[in-house]
């Protein structure tokens, strides 16, 4: 859970963001004052998209590898849940119990991402993007044209989470907390992982692969391992996504949604794992409510313009915007309080970059 | 981090503003169509149909004002469900008209079962199983399905045109499956053949038909083509360029105005193509003429003649309003009385009488048409025949019809 990140060795995080506790409490009590629609379609959906984007942020922010195939990996896990578990379409649906289906789907997704990593890690920058985009597009066309296993254009419907402990996990409230637990858990894991030996060497590889290689690190292996871990995150989120929609079809892994994940991560900010979640909230709110703000024929323009403005005024996304505002406030405060606080304030800018 | 808090608070504020008790004298109606993605143009015409009906009633029915809230999808079931959920759970619509595309309709029907107090009326989605198998109690379809649209075409090409063996080219999803079934079922019953290896299924948005054209067998009398919009134009152009000479048989949206309006030699090539569907541009009927005139007056920037999407949305919206009039705007019992009224509703549309069967699926007149050159050189669909009151099971009893099985690539086998 996100709450634990505050108290388990992440003291500096809590110190830097006293508002974090308030946000966590707010997220926990959120369903008590929000309607089912806001709990489920806004809340849970943002958390799921945020988690998928988190898997991208982890690769891009810490590893310097922008992969467009994260949605593909999530979609693959979703497809496996429909294929191995139950669906209402009458194709496949092997009827395995959920406790076999879900781990299998997540693990298979992670292995798929390892494979994608193995193919793409020897490339850099734009070439990584192109290879992973090619894989995403190939997967999209493959599931659309394969009828025996993936049921083509129609895909699968009637995929539901299990009823466990007398709770129907598809109900808005349990599903929200399930998504929150998964998102919080992975957020905590990524925050911690970034400070582990592996996380630090990954960041070092991002900054200077040649030097790391000279120091005796296996650069390729580190990168592929990062793909495996991010595949675990994306795969788990993919299982939640198929439960959320109750269905999966090629449209769920199409090129536009693949790009949406990148947009979410970039708009939120790639420098801190909380960024993708900010981006997801902004994305889901805009997707749902832009149509109410303006003429129905133009609402996609509003969505595009909003994202353009964010990236234009803050290359680091919403997160960068927040950092900029706080540093401005700090500068103002420093001028007022004078030299007494200078020492403490001086630590902040460095602190805000920690974890990137 | 505070940003999340702000957003959540903002969300909570929006919520508290958006869900006060409904004003006594308004009814909220949602309309869902594809206003983004490949079918945008079609979705916009569907919305014109909704507005046409609302305008006719002056945006009020049964003494209540109608508040219209629109939603948009991109023809994928996921997006249709997200938009529907927003309209129902957030905006609180009591009546919803939509969606447009076949697979969306199947998804919305499933969702309708979870919202028993909301009344759903179809837009133009025309997949068969939306109402045939496991229908939802509160989902009504006053428009007809893709198999009904094909009524009379199979018999016509067998008896009048003398075709005995056809090849099939169609897009690969639920709506064309339904159309192919509707065409082949009577055609094969009469003795026609459509070998499974001469059926070609292409993805939506396919650009290159050369491999399909090369694989077309020589020993068929005609090609049945169920493609829509740009796909149809691409195929016709390429087939003409490849020197193809086989006559064509058109699906309901293969030779509609969007295709006939295109320039080039394709035009001459499609003259004489028979087709069938829920509307006919040139039907000589006062009701239809009045409908076209009203459409043209209200939407000068629309199509030259309303498409079947405007037509389908118009009919479903009108049904919703007529029933609302009948119950005097009373939806206080969760719409139970309203839905009972809808189920019994029977009214005159621009294309003849429409009523519902016991699975809340429309029974309506169908039009058999043929492409001809009009007096001013424009290509038109000439009305050959009106097939009266076609039902979903095509005249066969329900139980027997189910035995035909679900529509798909190989149904009917027709060897």
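Protein chains in written order, with the working numbering: chain A, 101 to 456; chain B, 32 to 446.
Ideal Cβ positions, reconstructed from N, Cα and C, are used throughout, including at glycine.
Predicted model only: the values in this text are computed from it and were never measured.
Along the stretch 232-260 of chain A, the positions whose C-beta sits under 9 Å from a C-beta of chain B are 241, 244, 245, 247, 252, 253, 254, 255, 257 and 258, read in chain order.
Beta-bridge pairing by DSSP links residue 269 of chain A to no other residue. Here the C-alpha atom of residue 120 of chain B lies approximately 13 Å from the C-alpha atom of residue 150 of chain B. At a Cβ-Cβ threshold of 7 Å, residue 152 of chain A and residue 289 of chain A do not count as neighbours. Taking 7 Å as the CB threshold, residue 86 of chain B stays off the interface with chain A. Beta-bridge annotation (DSSP): residue 151 of chain B is paired with B/127 and B/170. Counting along the chain, the unbroken alpha helix (DSSP H) around residue 76 of chain B starts and ends at 71-87. Neighbourhood of residue 117 of chain B in chain A, by CB distance below 8 Å: 137, 141 and 388, in chain order. Judged by their CB atoms, residue 208 of chain B and residue 439 of chain B are nearer to each other than the 7 Å cut-off. From the listed residues B/147, B/173, B/135 and B/137, the smallest Cα separation to residue 391 of chain B is found for B/173. For residue 242 of chain B, the number of other beta carbons within 10 angstroms of its own is below 16, and it is reported as exposed.
Interface criterion met: the Cβ of residue 351 of chain A is under 7 Å from a Cβ in chain B. Of all C-beta pairs linking the stretch 213-227 of chain A to the stretch 337-347 of chain A, fewer than three are shorter than 8 Å, placing the two stretches out of contact. Nearest to residue 408 of chain B by alpha-carbon distance, out of B/332, B/104, B/291 and B/88, is B/291. When DSSP states are grouped into helix, strand and coil, residue 274 of chain A belongs to the helix group. Rounded to the nearest angstrom, the gap between the Cα atoms of residue 158 of chain A and residue 282 of chain A is 16 Å. Sequence-distant Cβ neighbours of residue 436 of chain B in its own chain, meaning closer than 7 Å and more than five residues away, are 442. Apart from sequence neighbours up to five positions away, the residues of its chain that approach residue 76 of chain B with a beta-carbon distance below 6 Å are 338, 340 and 341, ordered along the chain. Secondary-structure assignment with DSSP links residue 412 of chain B through a beta bridge to B/402. Annotation for residue 348 of chain B: 81, 84 and 128 place their beta carbon closer than 6 Å to its own, counting only its chain and skipping 5 residues before and after. Residue 221 of chain A has no beta-bridge partner at all, per DSSP. Residues of chain A with a Cβ closer than 8 Å to the Cβ of residue 67 of chain B are, in chain order, 400.
In the DSSP assignment, the residues bridged to residue 255 of chain B are B/199 and B/280. Proximity of the stretch 362-378 of chain A to the stretch 235-243 of chain A falls short of the contact definition, fewer than three beta-carbon pairs being nearer than 8 Å. Taking a C-beta cut-off of 9 Å against chain A, the contacting residues of the stretch 91-104 of chain B are 100, 101, 102 and 103, listed in chain order. Judged by DSSP in its simplified three-state form, residue 336 of chain A adopts helix.
DSSP places residue 305 of chain B inside the beta strand (DSSP E), whose first and last residues are 305-308.
For residue 417 of chain B, DSSP records a beta bridge to B/398.
Of all residues in the stretch 343-368 of chain A, only 345, 347, 349, 351 and 352 place a beta-carbon less than 7 Å from a beta-carbon of chain B. Assigned with DSSP and collapsed to three states, residue 134 of chain B falls in helix. The straight-line gap separating the alpha-carbon atoms of residue 156 of chain A and residue 163 of chain A is approximately 10 Å. Apart from sequence neighbours up to five positions away, the residues of its chain that approach residue 147 of chain B with a beta-carbon distance below 8 Å are 168, 169 and 365, ordered along the chain. Shown here for residue 349 of chain A: same chain residues with a beta carbon closer than 6 Å to its own, the five before and five after excluded, namely 255 in chain order. Approximately 6 Å separates the beta-carbon atoms of residue 423 of chain B and residue 176 of chain B; this is inside 8 Å, confirming the contact. Within a 10 Å sphere around the beta-carbon of residue 230 of chain A sit fewer than 16 other beta-carbons, which makes this residue exposed. At a cut-off of 7 Å between C-beta atoms, residue 189 of chain B does not count as an interface residue with respect to chain A.
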